[in-house]
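Colleague: Could you have a look at this structure, given as structure tokens, before my questions?
Residue numbers (my numbering): 313 to 441.
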């Protein structure tokens with residue numbers, strides 16, 4: 313979904329991970345279905361997720377825009393975004409950003425737009441018309 317927000321607002325976004333558990337058809341886990349696959353010597357939690365924004369002026373510390381937060385299948389978690397009152401208007405975007413699962417999840421459609429509305433009076437009247 314697209315978020316339409318105003319500068320100065322607070323957003324509490326609760327994400328419910330309904331991706332399910334590991335698929336036994338993934339080659340790396342075929343023989344050990346209860347373990348995550350290993351990609352470049354790192355465990356890849358393909359069905360874990362999180363949320364990351366591009367363009368918003370946000371703290372990278374939990375519970376804001378930390379790419380290190382990990383939401384397991386079946387769990388939920390709340391991200392909190394405090395949009396500064398002087399945030400510029402514009403079009404931005406969000407997507408999952410958990411290493412080794414980003415491409416599959418964002419490429420599969422788990423992404424969206426963020427529209428920060430221009431504050432009243434910030435755009436000259438002749439341009440607004």
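All residues carry an ideal CB built from backbone N, CA and C; glycine is no exception.
Going by the beta-carbon positions, is the gap between residue 426 and residue 314 smaller than 9 Å?
Modeller: Yes; because the gap between Cβ atoms is below 9 Å, this pair is in contact.
Colleague: Looking at the structure shown, is residue 386 part of a helix, part of a strand, or coil, going by DSSP?
Modeller: If DSSP states are grouped into helix, strand and coil, residue 386 belongs with coil.
Colleague: If you count every other CB in all the chains shown that lies within 10 Å of the CB of residue 428, and 16 or more means buried, which is it?
Modeller: Buried is the call here.
Colleague: Quick test of the definition: if touching needs 3 or more C-beta pairs under 8 Å, does the stretch 378–390 touch the stretch 399–406?
Modeller: The stretch 378–390 vs the stretch 399–406: no contact.
Colleague: State the DSSP-derived secondary structure class of residue 328, mapped to helix, strand or coil.
Modeller: Strand.
Colleague: Within the continuous alpha helix (DSSP H) that includes residue 314, where are the two ends?
Modeller: Note, residue 314: premise wrong, no alpha helix (DSSP H); not H, not E.
Colleague: Out of 376, 357, 412, point me to the one whose CA is closest to residue 406's CA.
Modeller: The shortest C-alpha separation from residue 406 is found at 376.
Colleague: If I follow the unbroken alpha helix (DSSP H) through residue 361, where does it start and stop?
Modeller: Note, residue 361: premise wrong, no alpha helix (DSSP H); not H, not E.
Colleague: Do the stretch 383–393 and the stretch 361–375 touch if we need at least three Cβ pairs shorter than 8 Å?
Modeller: Yes, the stretch 383–393 is in contact with the stretch 361–375.
Colleague: Anyone know if the C-beta pair for residue 422 and residue 408 falls short of 9 Å?
Modeller: Going by C-beta atoms, residue 422 is nearer than 9 Å to residue 408.
Colleague: Is the Cβ-Cβ distance between residue 385 and residue 420 less than 9 Å?
Modeller: It is not a contact, given that the beta carbons lie outside the stated cut-off.
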